[in-house]
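Student: Protein chains in written order, with the working numbering: chain F, 1 to 409; chain R, 410 to 819; chain S, 820 to 1049.
Glycine is no exception: its CB is placed at the ideal position from the N, C-alpha and C atoms.
Predicted, not measured: the structure shown is a model, and the values here were computed from it.
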Amino acid sequence: MNIVMRLAWRNLWRHQRRTWLTVGAMMFANTLLVFMISMQFSMYGLMIENTLKLFTGHMQIQAPGYKDDQKMRQTVADIVPLAASLRAEFPDEKIAARGQAFALASSEDRSYGIGIFGVEPEFEPQVSSIPGLIKEGRYVRGKNATEIVVGAVLARNLRVGIGDELTLLGSGLDGSFAAAVVTIVGIFDSGVVDVDRNIAQIPLGAFQDIFFMDGAGHQVVISAPTLDAAAAVLPKIVAAMPPGSDLVVHDWDALQPGLKQAIKADMSSAFFMYGILVILVAFSVLNTQLMSVLERTHEFGIVMSLGLKPGQLGRLVMLETTLLGLIGFVLGAIGGVLLTSYFGVNGLSIPGMEEMAANFNLPTRVYLEATPLSVVIGPSVVFLFTLLAAAYPALRLYKLHPVEAMRTN
Amino acid sequence: MRMLPVLTRLAWRYLWRNHRRTIIMVSAISIGVWAMIFMTALSRGMVDQMIEDGVSALPGHVQVHNKQFLDDPSVSNRILISDAELSRTFDSADFKAWASRVKVPAVISSEYESRGVTLLGIDPVAERAFGYLSYDEVEGRFLEGVDDNSIVIGRKLADKLETNVGKRVVLMSQDPENEIADRGFRVVGLFNSDVPGYEDGNVFVGKKAAQKMLRIGDTTTELVFLGDSYRNVEPTYDRVVASIDGTLDVKRWYEVATYLGSLLKVMDGFVMIWMIVIFLALSFGLVNTLVMAVFERVREIGLMLALGMKPSHILGQIIIESMLLLSVGLAIGNVLSWATIQPLRGGIDISIVAQGMEMMGAASVLYPRLYVSDMILANVIVLSLGFLASLSPAWRASRYEPVEAITKVG
Amino acid sequence: MAAVRCVDLCKTYRQGDQDIKALDHVSIEIEPGGFVCLSAPSGGGKTTLLNAIGGLDMPDSGEVWVADRRIDQLSKGALAELRLSSIGFVFQAYNLIPVLTARENIEFVMQVQGVPAAERAKKSMAILEEVGLKGLEDRRPAEMSGGQQQRVAVARAIVSRPALVLADEPTANLDSKTSDELMTLFTELNEHHNTTFVIATHDQRVMGYAKRLIRMLDGRIVDDIEQHAA
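1. Are the beta-carbon atoms of R/Leu792 and S/Val928 separated by less than 7 Å?
2. Considering just the uninterrupted stretch of the beta strand (DSSP E) at S/Ser904, what are its terminal residues?
3. By the 9 Å beta-carbon criterion, what residues does the segment 70–82 of chain F contribute toward chain R?
4. So, is the C-beta of R/Val737 closer than 7 Å to a C-beta in chain F?
5. Since R/Leu734 and R/Thr431 should fall inside the 8 Å C-beta cutoff, what is the C-beta to C-beta distance between them, to a whole number of angstroms?
6. Under 7 Å, do F/Asn30 and F/Val317 count as touching if we go by C-beta distance?
7. Using only alpha-carbon positions, find the residue among R/Val513, R/Pro720, R/Glu461 and R/Gly549 that is nearest to R/Leu479.
8. To the nearest whole angstrom, what separates the beta carbons of R/Val511 and R/Leu632, a pair I think is in contact under 8 Å?
9. Excluding the five sequence neighbours on either side, which residues of its own chain have a C-beta within less than 6 Å of the C-beta of F/Ala282, listed in chain order?
10. What is the C-beta distance between R/Ala535 and R/Met581, in whole angstroms, given that I count them as a contact (C-beta under 8 Å)?
11. Mind pulling the alpha helix (DSSP H) runs of 4 or more residues that sit fully within the segment 115–144 of chain F?
12. With three or more beta-carbon pairs closer than 8 Å as the criterion, would you say the segment 798–805 of chain R touches the segment 722–740 of chain R?
13. Assign F/His218 to buried or exposed, taking buried as 16 or more other Cβ atoms, counted over all protein chains shown, within 10 Å of its Cβ.
14. Starting from F/Val281, find everything on chain R with Cβ-Cβ shorter than 9 Å and list it in chain order.
15. For F/Ala145, I'd like the list of residues in its chain whose CB is within less than 7 Å of its CB, leaving aside the five on either flank, ordered along the chain.
16. Starting from S/Val885 and walking both ways along the beta strand (DSSP E), at which residues does that stretch end?
17. Which whole runs of the beta strand (DSSP E) in the segment 616–666 of chain R are 3 residues long or more, in chain order?
18. Apply the 10 Å Cβ neighbour rule to S/Ser964 and answer buried if 16 or more other Cβ atoms are within range, or exposed otherwise.
19. For R/Pro514, which residues in chain F fall below 8 Å Cβ to Cβ?
20. If we define contact as Cβ-Cβ less than 7 Å, is R/Tyr809 a contact residue for chain S?
21. What separation, rounded to the nearest whole angstrom, lies between the Cα atoms of S/Tyr1028 and F/Met291?
22. Measure the alpha-carbon distance for F/Phe55 versus R/Leu745 and round it to whole angstroms.
23. Taking 7 Å as the CB-CB cut-off, is R/Met718 touching chain S?
24. Here's a check: name, in chain order, each residue in its chain whose Cβ is nearer than 7 Å to the Cβ of F/Ala333, leaving out the five neighbours to either side.
25. Please state the DSSP three-state secondary structure of R/Ile723.
26. Any beta-carbon of chain R closer than 7 Å to the one on S/Asp876?
27. Starting from S/Ala822, find everything on chain R with Cβ-Cβ shorter than 9 Å and list it in chain order.
28. F/Asp109 touches chain R at which residues, Cβ-Cβ below 7 Å?
29. Would you say S/Asp1042 and S/Arg1034 are within 7 Å of each other, going by their C-beta atoms?
30. Check the Cβ-Cβ distances between S/Gly965 and every residue of chain R, and say whether any is below 7 Å.
31. For the segment 168–185 of chain F, which residues have a beta carbon sitting closer than 9 Å to at least one beta carbon of chain R?
32. Judging by CA-CA distance, which residue of F/Phe177, F/Ser129 and F/Glu136 is the nearest neighbour of F/Ala101?
33. Report the neighbours of S/Leu903 on chain R: residues whose CB is nearer than 7 Å to its CB, in chain order.
34. Shorter than 7 Å from the beta carbon of S/Ile916 to some beta carbon of chain R?
35. Could you list which residues in chain R have their beta carbon closer than 8 Å to that of F/Phe28, in chain order?
36. Does chain F have any CB closer than 7 Å to the CB of R/Met581?
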């Protein structure tokens, strides 16, 4: 350790309590920032993953306009062969075709209007979590079987169970009257009330028969191994669209525009709060370093009269601040990682938040994960502002006159 | 108490002896207090609006249903009391507003499309006071009475159904015997709504027309009551419970819309935590300032002790100094927050993230709400926790031995 | 009745790894109206003795009596009361409260005692005049010379007419002319009000004013002479 370094280090510990209090402010902010940012990243990841996994997938091929209007006749023609050819071309991606219609579902006691989805039973489980959420019975099988799986809330409202029959009434693609009787083979429970109340699934072949689809469907759902991979594969999917077709490929952001915006809104309010924390810490550092410079005026006067330049003293003050900031950085990051890891192992559940969590497809207990980015980002900003705060006391040294300084006590 | 003026004067003068330090600390406190109140006002504004919109869309502060209805919303689970009898019970009772209505799930079809909706058979005159729709802003016209055989639907729904004012649509639901009940209606009006999902999911017809279609005579499925404020529903709730058949299910708004209810609680918790976090961030600087202030006048403290001042007076002096420091910061912080919130009362446009806000159930214009109670809370938190934080340095100051303190080279 | 009586006082300090005997079986008695100088080289024990008499410091053993009251076993609060009511202190330089004006410094003790404002004002103005500081009452210590500051300190010590005034090196930071003025003031107060003065000093000039001179060395009294003031 060279002499300047040693000097800075010793100066730092002249007022132990003050130094620890300043480090404490940094630690507090850093620990909180690491924890909060890790929590946000974890929550956002889960929100996106859970929302997309449930039903939406990473991207969908649709007819133009279908995304907003979801009209029956905005179809993707020959949807099963299209999905099959894409599957052959993109072995890494999971691909499944769907049809969607609206129908009145009647049991013996009740009738409700619901969304009927025609699905490919062998491929649907790869793009959606619903087939895995069957809590009673089994998922639909085969291409044309007149079987149906319904949400748990819908089953309760319709007063039906496994083996019961449902009558579906709706209109077909050509506007004609569509009707069918299907047998309930499974009941799923996603925990999302809207989904469990309003959705039922039947094999795509049967769907096309019932609603006179003539081989058409409404959406080809595509899931990539990761979100990043999805972004990379999107242009290739677009290029693979049949020549002359007007089909469009929507990414998840277009399909769930609320998701990114909810995250954005949450982020902007979070960043406001973090900003305030950082500023308060910066004030703490400013105060400490200004005091430490002012109380050493006499001493600085002496060393200046010995020939030290104000710039050198300024660097000394900045070096002290850097050491101070590094201690706060390291201790705060460690504190934040420990806190986050605790909730990574035990999970975090905020009482009263269950309803809000469900609104964003979040489980009631969230297991947090600290990533290098989430650990470093907050403390780095604090560190930067710490140095910035010390600039004023350091610059004051340029105004110091050795003789006057020595006279101060 | 006798010493209070002396100690206060000493504390105040000492506060400004090192004015740079005090100014820095006062700035930090002001910014902290401003952030406490400003952020709270924004959050309150958002949540209040979500709740107010949500409560007005429910509608009402208290709702009555058949016990099975909320879980199984079918006409079979309707309220078996005739409208005539309900009128006798409630018309004379002094509610701000009340209404009986038919509310069942239904399917609406145009010649092109079908959608699931909630069919509302209402008395437009009785429900005007609930304020979920501004009748005058309806494109075309709103329903004119209970006998109105027309239908009013949302603008967005009309687009999806490719229908419009003057065209016909068919409503389909079930009667109490689970027979399909359907009927054609002519669209006379299209409404817009700020409440997310409201335009897509609700259609209005005259109450009598709905009762006739569903073959339920003059019974209804839902009673709604309006009290003075959504924050104070108990009086309304008690009176409804007292005057109605005990087998019916009477619920406060936050029991019907549990999401909104939990939102209100979460919000209160958030405000508290946010204020405490800010205070903690400030507390390090506060304690540091006091420690420094004590440190640089150890000799003077010793002198005061030697002259006969009691240790408790020293303790009091440091605490008063801390309280003065906090009070100056609080005063500036309060004024600052008021001055920044006031110009924003017209609303902050956050439509860039409108769909995200919709996901949370909020609108795209944010109106900050500055509550006196929140301001008081911020001030109380800062002063009371500030008092606690000052105890340690103040106690240490009061424990100095006069001789050691005086002989200590400053 | 003695104004001050010390019996067999002992006090040992640790400094580094050495034990220093600041008071080594010291016994003295000072009559009311006495004007006593304690003189000793640095570390000779005079400040320790003065502090013990003023109740600022506890002896390890022995007894301290002030006006027939044993004070070495009193609580901190009782000692504070005692200092407030019957002992005046004059310390070395820097012994004023810097944020208070001359008059506020003088009134400070009375305020702690609970003297009503009107009486405080009357007394403080009178005492300011007596010590020759009329017109400087609203200055803060930083705006006064060393001699003026020390006069304020004296004024503060005597304003409530204590029977006993303890002064520790009161002239340490003063030039010779100012020192003489201060000592003349002490002498006058001693004669007019019969106030007992105990002054610790190693200033020869100060010793010249004393009626009784006690010399100490290594915590012991080595010499105790009555002398006639110049």
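Tutor: According to the structure shown:
1. Mapped onto the second sequence, residue 792 of chain R falls at position 383. Mapped onto the third sequence, residue 928 of chain S falls at position 109. Contact: no.
2. For the purposes of this step, residue 904 of chain S is taken as the residue at position 85 of the third sequence. Taken as a continuous stretch (DSSP letters only), S/Ser904 belongs to no beta strand (DSSP E), being part of the alpha helix (DSSP H) at Lys895 to Ser905.
3. Gln70, Lys71, Met72 and Arg73
4. Stepping through the second sequence from its first residue, residue 737 of chain R is reached at position 328. No, because no Cβ of chain F sits closer than 7 Å to the Cβ of R/Val737.
5. Within the second sequence, the letter at position 325 stands for residue 734 of chain R. Within the second sequence, the letter at position 22 stands for residue 431 of chain R. Indeed, because the Cβ distance is near 7 Å, the residues count as touching under 8 Å.
6. Walking along the first sequence from the start, residue 30 of chain F turns up at place 30. Walking along the first sequence from the start, residue 317 of chain F turns up at place 317. Not in contact: F/Asn30 and F/Val317 (Cβ atoms no closer than 7 Å).
7. As a first step, residue 479 of chain R must be located in the second sequence, where it is residue number 70. That would be R/Val513, whose Cα lies nearest to the Cα of R/Leu479.
8. The residue labelled residue 511 of chain R in the question sits at position 102 within the second sequence. The residue labelled residue 632 of chain R in the question sits at position 223 within the second sequence. 11 Å between Cβ atoms; not a contact.
9. Sequence index remark: in the first sequence, residue 282 of chain F carries index 282 (1-based). Phe385 and Ala389.
10. Position 126 of the second sequence, counted from the start, is the residue given in the question as residue 535 of chain R. Position 172 of the second sequence, counted from the start, is the residue given in the question as residue 581 of chain R. At roughly 26 Å, the Cβ-Cβ gap does not stay under 8 Å, so R/Ala535 and R/Met581 are not in contact.
11. 124–127
12. yes
13. Within the first sequence, numbered from 1, the residue matching residue 218 of chain F stands at position 218. F/His218 is buried by the Cβ-count criterion.
14. In the first sequence, the residue the question calls residue 281 of chain F occupies position 281. Neighbours of F/Val281 on chain R, chain order: Ala690, Phe693 and Gly694.
15. Along the first sequence, one-based indexing puts residue 145 of chain F at 145. Closer than 7 Å at the Cβ level, and outside the excluded window around F/Ala145, lie Pro203 and Ala206.
16. Along the third sequence, read from residue 1 onward, the residue named residue 885 of chain S stands at position 66. Unbroken beta strand (DSSP E) run through S/Val885: Ser880 to Val885.
17. 631–635 and 658–661
18. If you number the third sequence from 1, residue 964 of chain S lands on position 145. The residue is exposed, with fewer than 16 neighbouring Cβ atoms inside 10 Å.
19. By 1-based counting over the second sequence, the position of residue 514 of chain R is 105. Per Cβ cutoff of 8 Å: Tyr112 and Gly113.
20. The sequence position of residue 809 of chain R within the second sequence is 400, counting from 1. No, R/Tyr809 does not count as interfacial toward chain S.
21. Within the third sequence, numbered from 1, the residue matching residue 1028 of chain S stands at position 209. Within the first sequence, numbered from 1, the residue matching residue 291 of chain F stands at position 291. Cα-Cα distance, rounded: 46 Å.
22. On the first sequence, residue 55 of chain F is found 55 positions in, with the first residue counted as 1. On the second sequence, residue 745 of chain R is found 336 positions in, with the first residue counted as 1. F/Phe55 and R/Leu745: Cα-Cα distance of roughly 48 Å.
23. On the second sequence, residue 718 of chain R is found 309 positions in, with the first residue counted as 1. Closer than 7 Å to some Cβ of chain S, the Cβ of R/Met718 qualifies, so yes.
24. Translated into positions along the first sequence, residue 333 of chain F becomes position 333. Excluding sequence neighbours, F/Ala333 sits near Asn30, Val34, Val375 and Pro379.
25. Within the second sequence, residue 723 of chain R is the residue found at index 314, counting from 1. Residue state, collapsed to three classes: helix.
26. Here residue 876 of chain S refers to the residue found at position 57 of the third sequence. Yes, S/Asp876 lies at the interface with chain R (some Cβ there is under 7 Å from its Cβ).
27. In the third sequence, counting from the first residue as 1, residue 822 of chain S sits at position 3. Neighbours of S/Ala822 on chain R: none; closest Cβ ~18 Å, over 9 Å.
28. Translated into the one-based positions of the first sequence, residue 109 of chain F becomes position 109. By Cβ distance, chain R contributes Asn587.
29. In the third sequence, the residue the question calls residue 1042 of chain S occupies position 223. In the third sequence, the residue the question calls residue 1034 of chain S occupies position 215. A contact, by the Cβ cut-off of 7 Å.
30. On the third sequence, position 146 is the one that residue 965 of chain S refers to. For S/Gly965, the answer is no, since every Cβ of chain R falls outside 7 Å of its Cβ.
31. Leu169, Gly170, Ser171 and Gly175
32. Taking the first sequence and counting its residues from 1, the one referred to as residue 101 of chain F is at position 101. Minimum Cα distance to F/Ala101 is reached at F/Phe177.
33. Residue 903 of chain S sits at position 84 when you count from the first residue of the third sequence. Those within 7 Å of S/Leu903 in chain R are Gly717.
34. Within the third sequence, the letter at position 97 stands for residue 916 of chain S. Closer than 7 Å: yes.
35. By one-based count along the first sequence, residue 28 of chain F stands at place 28. The answer, in chain order, is Leu689, Ala690 and Phe693.
36. Position 172 of the second sequence, counted from the first residue, corresponds to residue 581 of chain R. Chain F, which has a Cβ nearer than 7 Å to the Cβ of R/Met581, makes this yes.
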